[in-house]
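Asks: Questions regarding the structure given below will be posed in turn.
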Amino acid sequence: MPAKRKKRKIKKTYSKNKTAKKQNLEWSILGLVFILLAIFAFVRFGILGKQIANLIRLFFGDSYLLAASLLALFGLVNLIYNQPVRLSIKRIIGLSLTFIGILLIQSNLYYEHELVNSNFLNSFWHAMTAEFARAGVTESVGGGLIGSLGYQIFYPLLGQIGIKVFAVLLIPIGILMFFDVKFRTIIEKFQSISQLFIQKNKTAGVKLKDKYSDVLEKRKQRQANADQDKNIFPDVADFDSDNNEEDTTEPASEDVPVESEADSEPVPEPQIQIAPQHEEPESKDLPKSHSFAQEDQKLVQELANVDHGELKTDTVVNKSYKKPPLNLLDPIKSTDQSTDRDLIKKNTQVLQSTFKSFGVKVIIKKAILGPTITRYEVQPAVGVKVSRIVNLADDLALALAAKDIRIEAPIPGKPFIGIEVPNQTTSVVSFKDVMEHQDAKAKKDPINVPLGKDVTGSTISANLAKMPHLLIAGSTGSGKSVAINTILASILMKSRPEDVKLVLIDPKMVELSVYNGVPHLLIPVVTDAKLASNALRKVVKEMERRYKLFAAGGVRNMGEYNQKVAENNQDKSKPAMKPLPYILVVVDELSDLMMVGGHDVEGAIVRLGQMARAAGIHMILATQRPSVDVITGLIKANVPSRISFAVSSGVDSRTILDQTGAEKLLGRGDMLYMPIGASKPERIQGAYIASDEVERVIDWVKKQQKVDYDETMIPKKGDNSSASSEGNDEPEDEFYNQAVDLARRQQTASVSMLQRRFRIGYNRAARIVDEMEAKGIVGPSEGSKPRQVLVPPVKNEGNGNNAND
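According to the UniProt record's numbering, the sequence shown is numbered sequentially starting from 1.
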C-alpha cells in the first residue's frame, strides 16, 4: 500500500510540473507575440505593420506608441519571468485613469482641429476606416475609440472646457494612485527640498560675504604697508615731526582704501571721469550731443519762423482730445462655413487621386480653412519636381470644380507646397476685429495699420514707417477703396492731429472728399488733377525744409530730431521748438494724375520716394490701371511695398508685383501683400469697413477738434507759374512752334519725323520732343512707336502761335 501511494504522489508531481512547464511556455510565447506586435507598430513594416499600428490606434488613437511601449513591457516581463504582470487593483485603476485623461485630451484637440461639435464617434470612425482603407498611418485620429467614447459621454455633461479640466485632473490622480503616493507627502517633500535649497543659498551668501571682507582687509593691509614703505628712511631732523603727524595720517590711510574701492569698481568710473567736465566753466558750450549749439539753434529758429509756423495745428495741442473708441465700429457676425468644412475631406481625397492619376506622389499634410480660401499643404515625395505640381493647376481646378486655384510653391518657411482653393462661402473680416487683435506694439504705433487676416486667421499689419511707401493697384470693385478707407480710419483712431498729418489727393472727387474737415488734414482734399502736381511739389518743399532742420541740428531722421526737440523744450531758458509730425500723402487715382501732368507728377513722386522716409513723409499710391505708363519704372523702383488686388491678366500682376498670381485672386478684398524685403507676396483677406463706420469716425474727430489748414501748403492755380518759368530759362528752339503744329495736324510725333521735316540733327529733334512732353503736348515714349499727341488736332494751318494754348 505505501508503494502505491508513493507512485501516485510521483505521478501527481510529474503532472504538475508538466502543467507548469506548459503554462510557462504559453506565457513566453505570449510575451514574444506582445513584443513582436509592439515592434511592428513602432517600425510599421509594410502593410501588415501599418494595419497592426492602426489596430492599436483603433483603441488608443494617437497614443498608440505609448500603448505599444506598455505592450512590449508586459511582453518582456512574461518572457523573463514566465508569468503575467501582476498589479494591484489600485495600480490598475491609477494606470487606467492616467491613460483615459491622456486620451480625452487628444480627443479634445482632434475635435477642436476638425471643428466637430457632435457625432464624435461617427467622425472618429470615418477617419479610422479611411486609415484602414489606405493602409496608412498619416492622419490624426485623436484619442481612439476609448477617448471618443469618453468624449461622447462627458461633452454634454461638462462641455469643451470642462472636459479639458477633468482630463488634466485625471492624469495626476492616476499617477498618485499608481505609485501609491499621497498628495500630502509630495507637498512635504517639496517643502523640505525648498528649505534645503534656501539654507544652501544662505550658507553660500555667508561664505561669499566672508570672502569679500577678507579681500577688503587684505587691500587695506597692502595700502598701509605701502604708506610705511614711503617713510623707511626719514630725516633725523624731521623724526619728531613725522611722529607727530602719524596720528593725523593714519585716519587718512584708512580712507584711502575706500577711494581705491571706488576706483576698482567698473560702474562708478565713468561718473568720476564725467563729473569734472560738468564743473568746468566752459561746459555750457559742450553738450552738443544733447542739445543744439547756439549757432545751430539760431538757424533752426530762423527756419522755424519761416516754415514751422505754417503748421498751425502743431502750435496748439488740444489736451482734451480723445481718440475715437472701438464701439463706433460695427461688429460683423461670423459666417457659417460648415459647407466648406465638410468639403475639406472630400477635396483632400480628390487631390490625392488626381495627383496619383498623373503619377505624382505627394502627401497632403494639412488643410487650413481661411476666410476666403482653403489652403492644402502638400509635401511632394523625394524626386518629384515642384514644377510638375505647379503645371497641374488647371487639372486640379477641373477636378475640384473650383473657379480658379493658386499654387504657392513653396510656402515660405515650410517644406510644403500650398494649393489655395476658393471657399464656397467667403467669411467677411471685420475692421473692428483686426483693430482689437493687433499686437500691443502695433496698437501704440500711430502709423501701424491693420490690413486684414491671412489664411490662418492671424491679423496682418503694415508699418508705414518701415515700408516706407506703398503702391495699391487692382481692377474696379476689387476692394482698393475699402483698403484705403481702413488705412485712413486706423490712423484717425490711433493718432492725434499733432502726430500725423494727411495730404489726400482724389481726382475722382468721390472717394476721399468725405474726409474734408478732419483735424488731421494738412490741406483740404485735392480733387483737381491739375493742382495735384502743385500739391506734391509743396510736399517736396516741406521735405527739403525738414532736411535743412536736420542738418542744422546734426540729426539724420525725424525721430532723432523730435527727441532733441523734447530735450530742448525741457530747458525753459531756451526758446521752445515744435516737433515734426508724420505726413502721409494718399493718391487715390494715380492714372488720372499721370495723364494730366505726367512729367511733373512722376518727378515729385520719385523725389519723395527717394528721400522722404527719413523726413517722416510717406506715400500711398493707388490706381485701377496697372499699366507701365502709369506705374513707370522709376515709380516702381522707389515704391518698394506693394498690394495687389484682383487684376485681369498676368501682365498686370507682373507690373505690380513683378510676378504672376494676382490674376488668380477672387476680388472683394482678396489681396496679395508684398512688403519691402519680402521675396514672395502673402495672401490676405482685407478688412471691411462700411461707409457708415467711416462717417462715424470722421464725425467723432471733427467734434474733438476743428480743422486748421496750413494756408501756405494749399495748392493754387498760380503756383505752377514759377515751375514753368524755371523750365523756360533756356530759349525755345526756332522750330518748336512749327513742330507743335505738325504734331497736332498729324496726331503723331517722333524724333525721326522732325528730323526729316525740318532737316535737323537727332539731338536737336530729341530736345524738341522732350520739351513737348514736358509741356504735356505729347505722351511718354513707347519704345519704337510714335508718341501719342495729347492735345486736339487743328483743321486749318496756323502760324504756330497756338502752340502754347
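Even for Gly, the Cβ is constructed at its ideal location relative to N, Cα and C.
Assuming GLY479 and GLY633 form a contact by the criterion Cβ under 8 Å, report the distance between their Cβ atoms to the nearest whole angstrom.
Replies: The pair is not a contact, with the Cβ atoms about 26 Å apart (cut-off 8 Å).
Asks: Any idea which residues DSSP pairs GLY418 with across the strands?
Replies: Partner(s): GLU377, GLU408.
Asks: Provide the residue span of the alpha helix (DSSP H) that contains TYR561, from first to last.
Replies: That run of the alpha helix (DSSP H) goes 558-570.
Asks: What are the complete alpha helix (DSSP H) segments, minimum 4 residues, inside the stretch 627-665?
Replies: Counting only runs of 4 or more, we get 633-638, 650-657.
Asks: Is it buried or exposed for MET509, if we count other Cβ within 10 angstroms and need 16 for buried?
Replies: Classification of MET509: exposed, given that the 10 Å Cβ count is below 16.
Asks: Could you tell me which residues DSSP pairs with LEU400 in its beta bridges?
Replies: None, per the DSSP bridge assignment.
Asks: Give me the Cα-Cα distance between ASP285 and ASP571, rounded to the nearest whole angstrom.
Replies: Low confidence applies here, because ASP285 scores a pLDDT of 39, under 50, leaving its location unreliable; read the following figure in that light. About 15 Å.
Asks: What's the gap between the Cα of VAL141 and the Cα of LYS365?
Replies: Whole-angstrom Cα-Cα distance: 14 Å.
Asks: Starting from the C-beta of ALA690, find all residues in its chain whose C-beta is less than 7 Å away, skip the five residues before and the five after it, and write them out in chain order.
Replies: Hits under 7 Å: ASP330.
Asks: With a threshold of 16 other CB atoms inside 10 Å of the CB of THR486, please say whether the residue is buried or exposed.
Replies: Answer is buried; the Cβ neighbour count reaches 16.
Asks: Check the C-beta distance from ALA622 over to GLU663 and give it rounded, since I have them as a contact under 8 Å.
Replies: No, ALA622 and GLU663 are not in contact; Cβ-Cβ is about 19 Å, not under 8 Å.
Asks: What is the rounded straight-line gap between the Cα of GLY159 and the Cα of SER334?
Replies: Each residue's Cα considered, the two are about 21 Å apart.
Asks: In terms of alpha-carbon separation, which member of MET713, ASP600, GLN349 lies closest to LYS501?
Replies: It is MET713 whose Cα lies nearest to the Cα of LYS501.
Asks: Might you give, ordered along the chain, the residues of its own chain that have their beta carbon closer than 7 Å to the beta carbon of GLN83, omitting 5 neighbours on each side?
Replies: Cβ neighbours of GLN83 beyond the five flanking positions: TRP27.
Asks: Could you give the uninterrupted runs of the alpha helix (DSSP H) lying entirely in the stretch 524-553, keeping only those of 4 residues or more?
Replies: The qualifying runs are 529-553.
Asks: Count the other CB atoms within 10 Å of the CB of ASP670; is the residue buried (16 or more) or exposed (fewer)?
Replies: Buried.
Asks: Under 7 Å Cβ to Cβ from GLY798, same chain only, skipping five residues before and after it: list those, please.
Replies: Low confidence applies here, because GLY798 scores a pLDDT of 42, under 50, leaving its location unreliable and the question unanswered by this model.
Asks: Inspect the beta-carbon positions of PRO380 and ILE368 and report whether they are closer than 8 Å.
Replies: No, the pair does not count as a contact, with Cβ atoms beyond the cut-off.
Asks: Is it the case that the Cβ atoms of ILE407 and GLY418 are separated by a distance below 8 Å?
Replies: Cβ distance < 8 Å, so ILE407 and GLY418 count as in contact.
Asks: Which word fits THR425, buried or exposed, when buried means at least 16 other C-beta atoms lie within 10 angstroms of its C-beta?
Replies: It is exposed - the Cβ of THR425 has fewer than 16 other Cβ atoms within 10 Å.
Asks: So, using beta-carbon positions, are PRO450 and VAL701 closer together than 8 Å?
Replies: No, Cβ-Cβ distance for PRO450 and VAL701 is not below 8 Å.
Asks: With ILE684 as the anchor, note down where its beta strand (DSSP E) starts and where it stops.
Replies: Segment 682-686, the beta strand (DSSP E) holding ILE684.
Asks: Which ranges would you report for the alpha helix (DSSP H) in the stretch 53-139 if only whole runs of at least 4 residues count?
Replies: Runs of the alpha helix (DSSP H) inside the stretch 53-139: 64-81, 89-113, 120-134.
Asks: Just to confirm, is the Cβ distance from LEU665 to ALA646 under 8 Å?
Replies: Cβ atoms of LEU665 and ALA646: closer than 8 Å.
Asks: On a CA-only basis, which of ARG134, ASP62, PHE99 is nearest LEU48? Give me that one, please.
Replies: Out of ARG134, ASP62, PHE99, ARG134 has the C-alpha closest to the C-alpha of LEU48.
Asks: Closer than 7 Å to a non-hydrogen atom of the ligand ADP - does that hold for the CB of THR372?
Replies: Annotation note on the ligand ADP: not contained in the displayed structure, which lists no ligands.
Asks: Under a three-way DSSP split, which group does ASP454 fall into?
Replies: DSSP places ASP454 in coil when its eight states are reduced to three.
Asks: Checking 8 Å against the spacing of the C-beta atoms, do PHE40 and ALA72 come in under that value?
Replies: Taking 8 Å as the Cβ cut-off, PHE40 and ALA72 do not qualify as a contacting pair.
Asks: Count the other CB atoms, across all protein chains shown, that sit within 10 Å of the CB of VAL526; report buried if there are 16 or more and exposed otherwise.
Replies: Per the 10 Å Cβ criterion, buried.
Asks: How big is the Cα-Cα spacing for ILE643 and SER475?
Replies: Those two C-alpha atoms are separated by around 12 Å.
Asks: Report yes if the C-beta distance between GLY101 and VAL168 is below 8 Å; otherwise report no.
Replies: Cβ distance < 8 Å, so GLY101 and VAL168 count as in contact.
Asks: Who does ALA622 pair with in a DSSP beta bridge?
Replies: Per DSSP, ILE472.
Asks: Measure from the alpha carbon of LYS345 to the alpha carbon of each residue in SER533, HIS126, LEU536, then state which is nearest.
Replies: Taking only the C-alpha atoms, the option nearest LYS345 is HIS126.
Asks: If you draw a straight line from the C-alpha of LYS494 to the C-alpha of LYS444, how long is it?
Replies: Distance between the alpha carbons of LYS494 and LYS444 is about 7 Å.
Asks: Should the stretch 781-789 be called in touch with the stretch 736-753, which here means at least 3 C-beta pairs below 8 Å?
Replies: Flag = yes, the stretch 781-789 and the stretch 736-753 touch.
Asks: Which whole-angstrom value describes the C-beta separation of TYR762 and VAL769, a residue pair presumed to lie in contact below a C-beta threshold of 8 Å?
Replies: Contact doesn't hold; Cβ gap of about 10 Å is too wide.
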